[in-house]
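In the numbering used here, the protein residues as written are 5 to 152.
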């Protein structure tokens with residue numbers, strides 16, 4: 005019988021992240037007591053809660069069948085490549101051009117979109133990134149290549 009691999013892996017990831025966060029918080033922050041909670045109490049509790057939910061998702065998935073995971077190579081390369089391109093272009097090209105390049109590359113994951121739609125989406129997301137991070141939050145990022 006084939007297992008429900010998606011839920012098994014998802015639950016296992018939740019257990020790993022939750023347990024890791026809880027153990028880190030336990031070692032680096034004071035827990036305190038239930039009556040007088042320290043700064044580590046809430047992160048530890050949330051971490052173990054996340055781990056418990058992961059177990060509740062993964063265990064039943066071991067007993068039921070599921071569909072095999074089909075990996076879309078083109079989509080994976082496009083999305084991961086867009087992250088790498090954004091990271092490499094942010095300083096030399098600026099936020100706007102790096103965002104446009106990353107969105108255009110990520111849009112190649114789905115061949116159904118026309119270039120007009122891709123360019124419009126890239127422009128809107130780049131404008132929103134500028135509005136949120138530079139104008140709104142005042143982050144010090146190069147906007148264009150000549151402002152780096």
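C-beta: ideal position from N, C-alpha, C; glycine also.
Just so it is clear, the structure is predicted and the values come from calculations on it, not from any experiment.
Secondary structure of residue 14 (DSSP, three-state): helix.
Residue 44 sits in coil when the DSSP states are folded into three classes, being neither helix nor strand. With contact defined as three or more Cβ pairs closer than 8 Å, the region 62 to 76 and the region 27 to 43 are not in contact. The beta-bridge partner set that DSSP reports for residue 51 is empty. Look at the beta carbons and you see the region 39 to 46 not touching the region 86 to 104: under three pairs across the two are nearer than 8 Å.
Judged by DSSP secondary structure, residue 107 falls within the alpha helix (DSSP H) whose first and last residues are 99 to 111. Cα atoms of residue 94 and residue 50: separation of roughly 34 Å, rounded to the nearest angstrom.
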